[in-house]
């Protein structure tokens, strides 16, 4: 059985960015801007969160003509719960402050 | 402006190869986002390459470790079996020609195990990597211990009147065949 570790600070930062507007879909570039993470850190987090059911991913139709559809992400109830349970330790909201 | 210039495409092609089929959708996501990244496309793509490698290592850590550990095991097993049988053979009068094939036993067993670990991976690629590691370890150990490189090592095929490097070719074929065979036993069990 695979051991599930508690979310890292970077993971919590991603969940926090998605939780600011829970019903909305966010693109990868947007999440990178909000969290300060680069694509090399962001995608492993998104993959892990999607596999654990914390986040859902979907292809959205392009907003510009001639552009390909883009993958977008939205937090799920389990992701919100993970965020809440980490709130007592300072978690994600302090992460961006530490980066600033 | 699309971020998918020639460099970004090349980087993402490599990321796709590393990530493997299991991550196909995520790689497509990375491509689409690289396109949207405009002038920062190549930098975004480079991060995606790192992400693909990091994710693959996390998924395949044990297999990567096995790719190094099993060739070491093959060396130890081959020498142990070979030494034991050569001593026994000389005692009871069996020719070395009959014993040499048993010197490949380590590669055979280790290749089988590798094939069973990842039956979906191409056996020629896995077997070749394992063969290269199998050759490299004694070379590096000799260089570290004695400061010089051996040209190659493998069971001596000259007793069959074959050129010495034939042993290398036979060793490689055994690694690939054993990996293929191991994968086949696993695929048969899953099906």
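Protein chains in written order, with our numbering: chain A, 1 to 100; chain B, 101 to 291. A virtual CB, placed ideally from N, CA and C, is assigned to each residue, including glycine. Computed from a predicted structure; not experimentally measured.
Mind checking if residue i is an interface residue toward chain B, Cβ cutoff 7 Å exclusive?
i             : result
residue 70(A) : yes
residue 73(A) : no
residue 38(A) : yes
residue 45(A) : no
residue 29(A) : yes
Just verifying my parser: in three-state terms, what is the DSSP assignment at residue i?
i              : result
residue 60(A)  : strand
residue 165(B) : helix
residue 65(A)  : coil
residue 27(A)  : strand
residue 98(A)  : No answer about residue 98(A) holds up, because its pLDDT of 42 lies below 50 and its placement is not dependable.
residue 284(B) : helix
residue 9(A)   : helix
residue 116(B) : helix
residue 137(B) : coil
residue 201(B) : helix
residue 21(A)  : coil
residue 221(B) : coil
residue 206(B) : helix
residue 154(B) : helix
residue 101(B) : coil
residue 247(B) : coil
residue 193(B) : coil
Report yes if the CB atom of residue i is closer than 7 Å to the CB atom of residue j, and no otherwise.
i              : j              : result
residue 275(B) : residue 211(B) : yes
residue 19(A)  : residue 75(A)  : yes
residue 112(B) : residue 131(B) : yes
residue 139(B) : residue 178(B) : no
residue 7(A)   : residue 135(B) : no
residue 266(B) : residue 215(B) : no
residue 170(B) : residue 101(B) : no
residue 152(B) : residue 118(B) : yes
residue 168(B) : residue 233(B) : yes
residue 103(B) : residue 137(B) : yes
residue 54(A)  : residue 82(A)  : yes
residue 154(B) : residue 22(A)  : no
Return no unless some Cβ of chain A is closer than 7 Å to the Cβ of residue i.
i              : result
residue 124(B) : no
residue 272(B) : no
residue 221(B) : no
residue 155(B) : yes
residue 243(B) : no
residue 117(B) : no
residue 160(B) : no
residue 165(B) : no
residue 147(B) : yes
residue 132(B) : yes
residue 144(B) : yes
residue 151(B) : yes
residue 108(B) : no
residue 129(B) : yes
residue 136(B) : yes
In terms of alpha-carbon separation, which member of the options lies closest to residue i?
i              : options                        : result
residue 34(A)  : 48(A), 11(A), 69(A)            : 11(A)
residue 59(A)  : 51(A), 72(A), 66(A)            : 72(A)
residue 277(B) : 231(B), 183(B), 121(B)         : 231(B)
residue 62(A)  : 129(B), 166(B), 162(B)         : 129(B)
residue 182(B) : 247(B), 228(B), 202(B), 174(B) : 202(B)
residue 48(A)  : 14(A), 66(A), 77(A)            : 14(A)
residue 174(B) : 118(B), 227(B), 221(B), 191(B) : 227(B)
residue 204(B) : 176(B), 167(B), 239(B), 166(B) : 176(B)
residue 29(A)  : 120(B), 123(B), 141(B)         : 141(B)
residue 287(B) : 245(B), 242(B), 272(B), 221(B) : 221(B)
residue 91(B)  : 145(B), 160(B), 133(B)         : In the structure as shown, chain B begins at 101 and stops at 291. Residue 91(B) is therefore absent and cannot be evaluated.
Can you tell me which residues form a DSSP beta bridge with residue i?
i             : result
residue 74(A) : 56(A)
Would the beta-carbon of residue i be found less than 6 Å away from any heavy atom of the ligand ZN?
i             : result
residue 30(A) : By its list of ligands, the structure shown contains no ligand whatsoever, and the ligand ZN lies outside what it can speak to.
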